[in-house]
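Protein chains in written order, with our numbering: chain R, 201 to 622; chain F, 201 to 622.
In this text, a Cβ means the ideal position worked out from N, Cα and C, and glycines have one as well.
Some notes on the structure that comes next.
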């Protein structure tokens, strides 16, 4: 008799028949004797359709109204899902983010959860009903206006509710079987991972694994919410994410997997005076735009000129913003020129085991050398190594590294249900 | 500088271009120096589409969830309308029924408004913004669940807000130019009425004029809310509804107009013992079903048998319910048999002037006789006369009566924009 939070994304509830299938799955969990709280996203393309409508009436819709418009999507899916469950003889009651007590700050479009007070949800499951909660939305603490949580918002809703309700597990249902040692569309014989620590999952997510947003993994880690990423199509056990491996699994592999990211760009600030505070001036300028910088590399300065270069990567969509900011501060930073490159690809090798295992980086670089891949940037953390290369070499690199670290599965090709599990 | 509540139905906001047109109309009112509160229904067929979806996932959707589903429709239209107004440089903020303080009882699907506390709306117009409110919805006083007001709900929302805000006028925008002396689709040279008293409008509505629901007219009368029924397409002045005609209009016509209704059926309970309490037993039985009975006629009892018959009319959709109830109580009521007839049509002649004008009924019956129309039932109030006839004779009867009371307009054919203004 556990309390289980189940989250279903838009691709799992894209039409009436998939809503009925998801209802079946929820009813089975409930009939197994568990209390079930469900978090659901808007149906399939609903959100895109609503955004299209908005653009037909306004070139730049006010964010407050955009939030009201978009949250209608989850209201529709949550009510339909509750009906489908009710049709199977189990009582279900749906609740908006506001009714579920998801209190956020007042940053429309990308609100942060500041408090979760799920009184009505707790009361509903007390009575044995299934509680359905609209993902992605909350209510502003000060304004009492409807807010949205931004990308990955529904996963975060699920984790936040699981934490507040002290759920035994938060199951994130998606359209793939779990987290793989690499993207099965790039590495056909990638293997599904049975378990990952929060740190490993965070690095995989930060490295580009689309299946979970770093934000929601971070939230789960902070509040000790066990995650289970699994498919709503196959129903197979997926990938569990937690603090420590179970006893049976102490002999964990050194390497968990290879993540990749094709969505970044690289900015190089050339000809900086090699004096204290120069890096600060560069990244203070970038910070004014709210852009998240990922990797940063500073070259040793050329002895004769005393000048240095700084390169950093960032999401390609933010490239313009960052460059404009740097050009505006050209004077005070005092660099020679800017280089911009959006043809890069990032490969990230992740594994808690590399803490205690020497030679991992040597093995990685060796594998890339043998595959004739030129490394442009390197960045490391305790449990990962990321390298930047030409984007058109990325697939080759991923396969080479995957093989070099013996991650290839004997189980043959991994089943992929399409989509990215977003 | 007035406070104006404007209500727009689904046909006025059925797509992006009509939403932009309505926004234009609202902005013009605002720029004329008025405070504007807008009540909006769901876009065009949105409600029907949502009901279709519900039926795809459940044969009998729970009413609580149906309310949540349907209210998503107004959220979408209100947000889009707010965006379209904002795009014209006027601040607009949209509010759900709950945010607007529309507090109802907990009867899902047909909730009654018990209290209106429009604090946020008053605050919004204080700041000079246009407030957009979702029609048709509220929040249950006890359950705090989302409720819907049932048929004509958006009109009632508008009138209730106008009353609570002490608005100068409540403008009901629809797709016809106002209330006519008869349905222009039946009587091409019907004339638009410039003014009607609440009582006349109530009788027209009860008589079948679809343009306003009796419920919302009754609400407006109780709280002295001046109504203005007009077209969102032509922008022409429409029909004003209030307590008394303006001084210029004291010589009001005896007759306001001719309403008709094709949606009723007639039940005749044959062979009732002519003893006290028999009518009570019949209508107590019907009342258990919650069906609204309209006209009631009891024949004088036949001297020899001492038996009598009772006929009554009701909405055709409720015909089965009423018959089942009567059959269940066959014993205690003690009637011989039931007759059911859904081929009837009702014509209603309305006019406050008939209070003081003798001979109106004689003129009415004469006109029907000349048109060879057989009257099956008659029912009268102070300011109306209703008659039941064969449905296929209704149009002929309406034209005959319209002409007999000199209601035909010299202005030629009335413009009709299609739809019933529902």
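Contact with chain F by residue i, beta-carbon distance below 8 Å
| i | result |
| --- | --- |
| residue 256 (chain R) | yes |
| residue 329 (chain R) | no |
| residue 448 (chain R) | Since pLDDT at residue 448 (chain R) reaches only 48, below the 50 mark, its modelled position is unreliable, and the value read off the structure follows with that caveat. Residue 448 (chain R) does not count as touching chain F. |
| residue 504 (chain R) | no |
Chain F residues whose Cβ lies nearer than 7 Å to that of residue i
| i | result |
| --- | --- |
| residue 283 (chain R) | 254, 257, 258, 261, 262, 265 |
Amino acids of chain R, ordered along the chain, whose beta-carbon sits closer than 8 Å to that of residue i
| i | result |
| --- | --- |
| residue 286 (chain F) | 258, 261, 262, 265 |
| residue 275 (chain F) | 268, 269, 271, 272, 275 |
| residue 250 (chain F) | 276 |
Contact list for residue i against chain R, beta-carbon separation under 9 Å
| i | result |
| --- | --- |
| residue 293 (chain F) | 262, 264, 265, 345 |
Closer than 8 Å to chain R by CB, residue i
| i | result |
| --- | --- |
| residue 349 (chain F) | no |
| residue 280 (chain F) | yes |
| residue 620 (chain F) | Because residue 620 (chain F) sits at a pLDDT of 33, beneath the cut-off of 50, its placement in the model cannot be relied upon, and the following sentence gives the value as read from the coordinates. No, its Cβ sits nowhere closer than 8 Å to a Cβ of chain R. |
| residue 206 (chain F) | no |
| residue 238 (chain F) | no |
Whole-Å CB distance - residue i paired with residue j, under 8 Å assumed
| i | j | result |
| --- | --- | --- |
| residue 454 (chain R) | residue 557 (chain R) | 5 Å |
| residue 431 (chain F) | residue 377 (chain F) | 5 Å |
| residue 425 (chain F) | residue 480 (chain F) | Not confirmed; about 36 Å, so no contact. |
| residue 337 (chain F) | residue 397 (chain F) | No, residue 337 (chain F) and residue 397 (chain F) are not in contact; Cβ-Cβ is about 30 Å, not under 8 Å. |
| residue 243 (chain F) | residue 273 (chain F) | 7 Å |
| residue 456 (chain F) | residue 393 (chain F) | 6 Å |
| residue 275 (chain F) | residue 300 (chain F) | Residue 275 (chain F) to residue 300 (chain F), Cβ: 12 Å. No contact. |
| residue 226 (chain R) | residue 239 (chain R) | Contact doesn't hold; Cβ gap of about 11 Å is too wide. |
| residue 609 (chain F) | residue 391 (chain F) | 4 Å |
| residue 335 (chain F) | residue 367 (chain F) | That belief does not hold up - the Cβ atoms of residue 335 (chain F) and residue 367 (chain F) are roughly 15 Å apart, past 8 Å. |
| residue 387 (chain F) | residue 404 (chain F) | At roughly 14 Å, the Cβ-Cβ gap does not stay under 8 Å, so residue 387 (chain F) and residue 404 (chain F) are not in contact. |
| residue 439 (chain R) | residue 209 (chain R) | With 8 Å as the limit, residue 439 (chain R) and residue 209 (chain R) do not qualify as a contact, their Cβ atoms being about 16 Å apart. |
If you scan the stretch 442-488 of chain R from start to end, which runs of the alpha helix (DSSP H) of 4 or more residues do you find wholly inside it?
Listed in chain order, the complete alpha helix (DSSP H) runs (minimum 4 residues) inside the stretch 442-488 of chain R are 478-487.
If you scan the stretch 537-577 of chain F from start to end, which runs of the beta strand (DSSP E) of 3 or more residues do you find wholly inside it?
537-541, 544-550
In chain order, what residues of the stretch 209-230 of chain F put their CB closer than 7 Å to some CB of chain R?
Per Cβ criterion, the list reads 216, 219, 220.
Run through the stretch 332-388 of chain R for me and flag every whole alpha helix (DSSP H) of 4 or more residues, listed as ranges in chain order.
If only uninterrupted alpha helix (DSSP H) runs of at least 4 residues are considered, those enclosed by the stretch 332-388 of chain R are 353-364.
In the stretch 396-447 of chain F, which residue ranges form an unbroken beta strand (DSSP E) of at least 3 residues, counting only runs that do not cross its ends?
427-431, 439-442
Which runs of the alpha helix (DSSP H) fall wholly inside the stretch 212-297 of chain F and span at least 4 residues, in chain order?
The qualifying runs are 216-231, 246-257, 263-286.
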